Structures are given as C-alpha cells and as structure tokens.
Amino acid sequence: MSAIIMSGTQVAQQADAEFQQRIQHLKQRQITPGLAVVLIGDDPASAIYVRNKQRRAQKLGINYQLHHLAASVTQAELLTLIQQLNQDPDVDGVMVQMPVPPQIDATTVMNTIDPDKDVDGFSVVNVGRLWSGESGNFPGTPRGIMRLLAAYQIHLAGQQAVVIGRSNIVGKPMASLLLRANATVTVAHSKTRNLAAIARQADILIVAIGQPEMITAQYVKPGATVIDVGMNHNAQGKLVGDVQFADVQEIAGFITPVPGGVGPMTITGLLDQVITLAEQRAQRDDH
Ligand code: NDP
C-alpha cells in the first residue's frame, strides 16, 4: 500500500484563506500587517526565496517592504537599517535573508532585531522562549511543518519522533516544537551511530540534512509519517529531497513530496508569524 501524500501546496492555500480573514479583521481596525525583508547582494537562490515570500505576502495584502542592499554594505549600515525598522510602528516583522556576506556577523544581526519583531525567531531571546515553553517567534519551517502535521491529523502526544539534522533553523526548533507537543523526541545528526535503526523507531520521521535522496525505505518503519525538508539538486540538476520518495512511499503511512511539501509551508509559517505579530499590535492598541 502506498503512503498518503501530504500536500503542502493545498494546506498552504487553506492557510491563506484563514490569513485573509485575519488580515481583513485587522484592516477593519486600521492595522495592516507589515513585513520588512532585508536582502543583501545578488545570491540567486536568496532572490528566489525573497520573491516567493513577496508574492504570497502581497497577494494577502500584507505591507511588504524589500530593502535590497549592495553586497558591499557595512555591518554598521546594516545595523542602522535594522534599528530604524525596529522603531517603525508599521513594521511588525523584520527578517534578514541568509546567507550574509563575510563582512557581516550573522549572530550580531539576528540579535539586533527587536525580539518581538524577529519573525524568523533566530535571536537568542526567541530560542530561549522556544525551549522554555513560552510564547515567542519561532522559525517558519518547523512552524509550517507543525501546521502540516495538524492538517493531516497526525497524532503527536506520546509518539516517537526522530529528527535527523540539528541546524538552528530546522532541526533544533523542530525538535523543540515536537517536544512541546508531547512527542518523545530523538535528534540525530552526522555523528549518530546506527542511524537507520534509530530512524526506524520513528512514528514521525523529520529529515533535514541536505543529502539528496539519502533516506531509503530501510530507514522507515512501516506506516510512519515522513517529512522531507531537504531541497537539493541531484546529478541531473533536478530538485529532490533528502528522502528517496518512490522507495519510501511504498512503506510510509504519510509522506511529503519535494517540491510541494515543506517548501510552501515554510512561507505559511512565516506569514502566520507576521499576522500574529500584527494581532498582538492590535491588542496593545486596545490597552
Ligand atoms: P544544515 O546544513 O545547516 O544542517 C544539516 C544537518 O544535517 C546537520 O545537523 C548535519 O549534522 C546533518 N547531516 C548532514 N549529513 C548527514 C548525514 N549523512 N547523516 C545524518 N545527519 C546528517 O542544513 P539545514 O538544516 O539548513 O537544511 C537542511 C536541508 O533542508 C537542506 O537541503 C536545505 O536546503 C533544506 N531546507 C529546506 C527548507 C524548505 O523550506 N523546504 C527550509 C530550510 C532548509 P552535523 O550537525 O553533525 O553536521
């Protein structure tokens, strides 16, 4: 029997319908959610990510500002811009598209963004809030994956979840959100021994490693939910995930495709965060 394919494209469309209503509601109160994106230089992949966010945000009526800076921008100039955005009452969320050029220190940049405007949730304040169970801004990809799991009614409490990958943008925040949802979480990485045996224990297997089609059926327990975060180009230049889809589809219960799985949900996670911040602004205005 073949797995149910989890369509991020469809769930993202449903989310947009919900977002439209929330934005409508805010606009009745003279509030338009504002997202400021800072793009540095001319990295083609970053330009595509920024364009995709812009398209979805503007379609929903979010006030989207793009600040495109030269690759030669100094750290001081960048920090001055971030401080201006921190002060701007029309801007609810600020993000700097990674990677940044070598003269810029990414950690300083992330921690200069006001934690309450840090839509990506990469600042140490928001990482602390995430792990201590408080509310805060959390990274878009894991947020989007949680929404996808909920849309397919994947039960999490008490389930075994294995996250392969421990990056700050995907693996670690994913593990934390699953833990908050009462899953029993194992985090694996490149030094993990017996990876396939550990992965096979997972009811929910999240793969974020950047290794084209490494995860085959031998890593998957029959009936498991498999979430493929990877976006890689194979030897033929085709976009593929970290999971060997055709092979794993035969054994998994649920599986995300690449493209059309986690990718659209990442933007959903980001937009949800921006709208939530605007809703918080509306609440503050009430007091
Ligand atoms: P990183 O390179 O920052 O992290 C990769 C992680 O995978 C590391 O923790 C690394 O372990 C681990 N890893 C690498 N190789 C292996 C291996 N052979 N076995 C086990 N673990 C391994 O990547 P990101 O987290 O930023 O991204 C992961 C993938 O997800 C990429 O393909 C990226 O393009 C994609 N991505 C997709 C998004 C989307 O919207 N769909 C959003 C973000 C990322 P160690 O720590 O030991 O080095």
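Under the working numbering, the first residue of the sequence shown carries the number 4, and numbering increases by one thereafter. Where is the CB? At the ideal position from N, CA and C, for every residue including glycine. Small disclaimer: the values here were computed from a predicted structure and weren't measured.
Exercise for review: Could you name the residues whose beta carbon sits closer than 7 angstroms to any heavy atom belonging to ligand 1, keeping them in chain order?
Suggested key: That gives Thr144, Ile167, Gly168, Arg169, Ser170, Ile172, Val173, Gly174, Ala191, His192, Ser193, Lys194, Thr195, Leu198, Ala211, Ile212, Gly213, Gln214, Met217, Val232, Gly233, Met234, Asn235, Asp245, Val265, Gly266 and Thr269.
Check your understanding: Which one or two residues does DSSP pair with Met98 in a beta bridge?
Key -> Numbered from its first residue, the sequence shown carries residue 98 at position 95. DSSP output for Met98 lists Val40 as bridge partner(s).
Point to revise | Complete runs of the alpha helix (DSSP H) confined to the stretch 171–231 [at least 4 residues] | key: If we require 4 residues or more, the alpha helix (DSSP H) runs fully inside the stretch 171–231 come out as 174–183 and 198–202.
Review point. What are the boundary residues of the alpha helix (DSSP H) that includes Ala285?
Key: The count along the sequence shown starts at 1 and reaches residue 285 at position 282. Ala285 -> alpha helix (DSSP H) spans Val265 to Asp289.
Practice item. Could you please give the first and the last residue of the uninterrupted alpha helix (DSSP H) stretch that includes Ile148? Key: Translated into positions along the sequence shown, residue 148 becomes position 145. Per DSSP, the continuous alpha helix (DSSP H) segment holding Ile148 begins and ends at Gly143 to Ala154.
Exercise for review: Give me the Cα-Cα distance between Thr219 and Thr187, rounded to the nearest whole angstrom.
Suggested key: Mapped onto the sequence shown, residue 219 falls at position 216. Mapped onto the sequence shown, residue 187 falls at position 184. In a straight line, the C-alpha of Thr219 is about 23 angstroms away from that of Thr187.
Check your understanding: What does DSSP give as the partner residues of Gln68 in its beta bridges?
Key -> To locate residue 68, count along the sequence shown from 1; it is residue 65. Under the DSSP definition of a beta bridge, Gln68 partners with Ala39.
Check your understanding: Which term fits Ser10, buried or exposed, when burial requires 16 or more other beta carbons within 10 angstroms of its beta carbon?
Key -> Position 7 of the sequence shown, counted from the start, is the residue given in the question as residue 10. Classification of Ser10: buried, given that the 10 Å Cβ count is 16 or more.
Exercise for review: Locate the alpha helix (DSSP H) running through Ile26, then write down its first and last residues.
Suggested key: Sequence index remark: in the sequence shown, residue 26 carries index 23 (1-based). Annotation: the continuous alpha helix (DSSP H) that includes Ile26 extends over Gly11 to Lys30.
**Study point:** alpha helix (DSSP H) segment containing Val165, residue limits
**Key:** Here the question's residue 165 lines up with position 162 in the sequence shown. Unbroken run through Val165 is the beta strand (DSSP E), Gln163 to Ile167; no alpha helix (DSSP H).
Practice item. Round the Cβ separation of Leu159 and Ala184 to the nearest angstrom and send it over; I've been treating them as touching at under 8 angstroms. Key: Numbered from 1 along the sequence shown, position 156 holds the residue referred to as residue 159. Numbered from 1 along the sequence shown, position 181 holds the residue referred to as residue 184. Your pair Leu159 and Ala184 checks out as a contact, with CB atoms roughly 4 angstroms apart and the cut at 8 angstroms.
Practice item. Please name the residue in Val94, Pro92 and Gln86 whose C-alpha comes closest to that of Asn114. Key: Along the sequence shown, read from residue 1 onward, the residue named residue 114 stands at position 111. Answer by Cα proximity: Gln86.
Check your understanding: Under the criterion of a Cβ to heavy atom distance below 6 angstroms, does Gln27 qualify as lining ligand 2?
Key -> With respect to ligand 2, the structure shown offers nothing to examine, as its ligands consist of ligand 1.
Review point. When DSSP labels each residue in this structure, what does Asp121 get in the three-state scheme?
Key: Within the sequence shown, numbered from 1, the residue matching residue 121 stands at position 118. The answer is strand: DSSP assigns Asp121 an E or B state.
**Study point:** Reduced DSSP category for Ile85 - H, G, I as helix; E, B as strand; rest coil
**Key:** Counting from 1 along the sequence shown, the entry for residue 85 is found at position 82. Ile85: helix per DSSP, three-state reduction.
Point to revise | Supposed contact pair Gly161 and Thr271 - C-beta distance, whole angstroms, cut 8 angstroms | key: By one-based count along the sequence shown, residue 271 stands at place 268. By one-based count along the sequence shown, residue 161 stands at place 158. The distance from the Cβ of Thr271 to that of Gly161 is about 26 angstroms, inconsistent with a contact at the 8 angstroms cut-off.
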